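Each position in the sequence shown, counted from 1, maps to that position plus 148 in our numbering.
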Amino acid sequence: MSRVSTVYLLTCAAIGVATGLLVIPATAFSTLTYAALPPLSALAAGAWVIGFVVAMRLLERPGAALLTGLISGLVATPLSTTGPAIVITNVMFAAFIELPFLVTLYRRWSRWLYYIGAAVLTVLYAAWTVMAADMQAFPAWVLALYVACLFISGLGAVALGILIADRLRRAGVAKLARRRPAIEVEPVAEPA
149 MSRVSTVYLL
159 TCAAIGVATG
169 LLVIPATAFS
179 TLTYAALPPL
189 SALAAGAWVI
199 GFVVAMRLLE
209 RPGAALLTGL
219 ISGLVATPLS
229 TTGPAIVITN
239 VMFAAFIELP
249 FLVTLYRRWS
259 RWLYYIGAAV
269 LTVLYAAWTV
279 MAADMQAFPA
289 WVLALYVACL
299 FISGLGAVAL
309 GILIADRLRR
319 AGVAKLARRR
329 PAIEVEPVAE
339 PA
């Protein structure tokens with residue numbers, strides 16, 4: 149199943165729309181609380197992770213998180229407080245969720261790979277936001293709480309995304325869009 153199928157694209161689109169609708173209020177909440185209450189703002193960060201984990205876990209196909217990220221960004225753009233920049237944010241978050249699977253050349257689909265992607269994302273996002281927003285002006289305990297809330301939100305979102313994807317899979321959702329394991333064919337003996 150090397151081709152991209154319509155059912156795969158539609159599944160990514162459905163997850164992307166749901167993620168986009170989730171990200172719109174999360175962006176507004178994060179924007180409102182970011183400057184005054186960074187730890188509270190950090191709790192919304194998981195909204196960007198859930199859909200990408202669901203897409204990767206449910207489909208187990210290369211590009212599922214990235215395509216879902218692009219679609220969710222496009223859906224969120226008209227109503228997002230950040231405008232078109234939300235597309236870049238969503239694709240960036242999706243890339244970090246997909247990166248561990250790319251490193252394994254999409255041969256491993258272990259749960260811990262989702263957590264590694266989210267942890268790397270959290271570390272880099274925390275470093276970037278602390279520098280970009282000049283958060284060094286806050287007391288050290290606020291920064292520590294901010295980073296802790298980012299980790300709680302991101303890793304909690306991974307757990308929730310895995311739970312949702314596993315339940316959808318058990319219900320038979322996206323069965324045709326999923327990766328199929330390689331089937332070993334036994335050679336047929338030639339007649340003598």
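Don't be surprised by glycine CBs; every beta carbon is placed ideally from N, CA and C.
All of these numbers come straight from a predicted model, not from anything done at the bench.
In terms of Cβ geometry, G199 and S178 do not form a close pair [threshold 8 Å]. The residues S178, T181, Y182, in chain order, have a CB closer than 6 Å to that of S189 in the same chain once the five nearest residues on each side in sequence are set aside. Here S153 carries a coil assignment [DSSP, helix/strand/coil].
Between I236 and A224, the gap from beta carbon to beta carbon reaches 8 Å or more. Distance between L293 and T154, taken at the CA atoms: about 44 Å.
Inclusion of L214 and A174 in the CB contact set at 8 Å is not warranted, their separation being larger than that value. G199: member of the alpha helix (DSSP H) spanning 195 to 207, first to last residue. Taken through DSSP and simplified to helix, strand or coil, L185 comes out as coil.
Beyond the five residues adjoining it in sequence on each side, Y262 comes within less than 6 Å, by CB distance, of V201, V306 in the same chain, given in chain order. W196 counts as buried, since at least 16 other C-beta atoms from the protein chains shown sit within 10 angstroms of its C-beta. T252 is classed as exposed because its beta carbon has fewer than 16 other beta carbons within 10 Å across all chains shown. In the three-state DSSP reduction, D314 falls in the helix class (H, G or I). Between I172 and L227, the CB-CB gap stays under 8 Å. One alpha carbon belongs to L169, the other to I163, and they sit about 10 Å apart.
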